[in-house]
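Its first residue numbered 122, the sequence shown is counted upward by one per residue in my numbering. Shown next, in structure tokens, is the structure this report addresses.
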Amino acid sequence: MDVFGLLHLDELSHGLANLSMFPYFDMAHYIVSVMALREQPGALEVSRVSPLACWFSSMLFCFGGAVLSGIMLAEPPVAPLTNSTSVLLASVIWYLVFYCPMDLVYCCAALLPLRLVLSGMKEVTRTWKVLGGVTQAHSKYKDSLLVMIAIGWAKGAGGGLISNFEQLVRGVWRPETNELLKMSYPTKITLIGAVLFALQQTHYLPLQKHHLMLLYTMFTVINKSRMMLTGSSTSPFAAFESAIYKTLFTGYSPYAALTGEVKKACIDNGTTNEMTSTSTTKESSENRAVGKSSPASPVRGQSESLKAKEESENAETTDCKKTN
């Protein structure tokens, strides 16, 4: 793009595309991931009770995206663990974060300036993971945009998507924390990246790959730094998400008037039906009451007719006596 040439960002984008993630960026990813696990409720207690379960949970945090994307592509889920160097590096970081004397490693990494740098480096690895997943799916399913998005999303945010399984390893079962029910910011931003890179791979997005990598990485790093500095967990897309949700899924603006009329009509129909059912019930109850008393009506009529007949006979007898 000419804009990148004017801003002298073309060389920077090429440098980012050729940047190696091992070992420094991968190390930052492992540190931030293991620290996120340690800050989960009850994780520290599990590390004291069962170090093996804690280690397995840490590996899921570090390699969850590769494991999930491998399962989706019908590849061995243990394939990411075949890289002994990466597994050894992640294991060393796990031990230092959880079991270092006096918690020196965790306390140092938790300092805001250092954690800011580590989180920024982790966002850079997110770009590579999403792009790697999309490219891997594109090599097998060239015309399937949905598959490319799914694999890129799984590889970039797999640790969050399989969080329920990871919680089971630690003896926790909280299905309400499912990322599909309430997506966190990393899951959302990864999904957006997967869509963008998939569109770029299928040439629906007229942008070069290294330029898109630079733009996406700059956005994720800057926004993550802003959220950490301000202590805010609000997504930058919150207003946009709310507008789309209210428009498409709840019937609000621009269909608020129509929705109000429909609701009013429903209420009126419900009231009418209720009144009709009430009157019907009242009539049926009256009919039942009448039905209960109706069998006694013939008896009452017969007694009255007999009484009248006796009175008439008595009157005739009296007249006859008077005549005699």
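A virtual CB, placed ideally from N, CA and C, is assigned to each residue, including glycine. For clarity, every value in this text was computed on a predicted model and none was experimentally measured.
Evaluate residue i with the Cβ neighbour count: other Cβ atoms within 10 Å of its Cβ, from every protein chain shown; 16 or more gives buried, anything less gives exposed.
i      : result
Ile365 : exposed
Met334 : buried
Ala359 : exposed
Thr311 : buried
Trp294 : exposed
Phe370 : exposed
Ala315 : buried
His129 : exposed
Lys250 : buried
Ala278 : buried
Lys243 : buried
Phe143 : exposed
Gly499 : Here the chain covers residues 122 to 445 and nothing more, so residue 499 does not appear.
Leu252 : buried
Met269 : buried
Cys175 : buried
Ala211 : buried
Ala195 : exposed
Does DSSP put residue i in a helix, a strand or coil?
i      : result
Lys250 : helix
Glu75  : The requested residue 75 is not part of the displayed model; the chain covers only 122 to 445.
Ile313 : helix
Pro144 : coil
Tyr294 : In the sequence under discussion, the amino acid at residue 294 is Trp, which differs from the Tyr named in the question. Coil, per DSSP.
Gly352 : coil
Gly163 : coil
Leu137 : helix
Phe370 : coil
Leu301 : coil
Leu217 : helix
Lys261 : helix
Ser79  : Outside the shown range of the chain, which is 122 to 445, sits residue 79, and nothing can be said about it.
His324 : coil
Asn285 : helix
Leu232 : coil
Gly422 : Confidence in Gly422 is poor, its pLDDT being 47 and thus under 50, which makes the residue's placement too unreliable to answer from.
Asn204 : coil
Val199 : coil
Ser414 : Any reading at Ser414 needs caution, since the residue's pLDDT is 42, under 50, leaving its predicted position unreliable; the model's value is listed next. Helix.
Val124 : helix
Leu336 : helix
Leu307 : The question names Leu, but residue 307 is Pro in the sequence shown. Helix at Pro307.
So, at 7 Å on beta carbons, what are the nonlocal neighbours of residue i in its own chain, with the 5 sequence-adjacent residues on each side left out?
i      : result
Ala230 : Ile152, Met156, Arg236, Leu239
Asn344 : Pro357
Leu217 : Val226
Leu133 : Leu335
Given residue i, which residues of its chain have a CB within under 8 Å of its CB, disregarding the five upstream and five downstream residues?
i      : result
Thr298 : Ser284, Asn285, Gln288
Pro197 : Gly191
Ala275 : Gly186, Leu189, Ser190, Met193, Gly254, Leu282
Ser178 : Leu158, Ala164, Val167, Glu287, Val290, Arg291
Ala378 : Caution is warranted here: a pLDDT of 40 is assigned to Ala378, below 50, making its placement in the model unreliable, and no coordinate value can be reported.
Ser353 : Arg347
Is the CB-CB distance between residue i and residue j below 8 Å?
i      : j      : result
Leu158 : Ala149 : no
Met350 : Gly280 : Contrary to the premise, residue 350 reads as Leu rather than Met in this sequence. No. Outside cutoff.
Gly273 : Phe318 : yes
Tyr337 : Thr248 : yes
His259 : Gln329 : no
Ser207 : Asp147 : yes
Val170 : Gly241 : no
Phe184 : Leu202 : yes
His331 : Ala138 : yes
Leaving out the 5 sequence neighbours to the left and right, which residues in its chain are closer than 6 Å to residue i when beta-carbon positions are compared?
i      : result
Tyr306 : Ser356
Ile214 : Tyr151, Ile152, Val155
Please confirm whether residue i has its beta-carbon closer than 8 Å to some beta-carbon of chain C.
i      : result
Leu369 : Absent from the structure is chain C; it holds one protein chain and no more.
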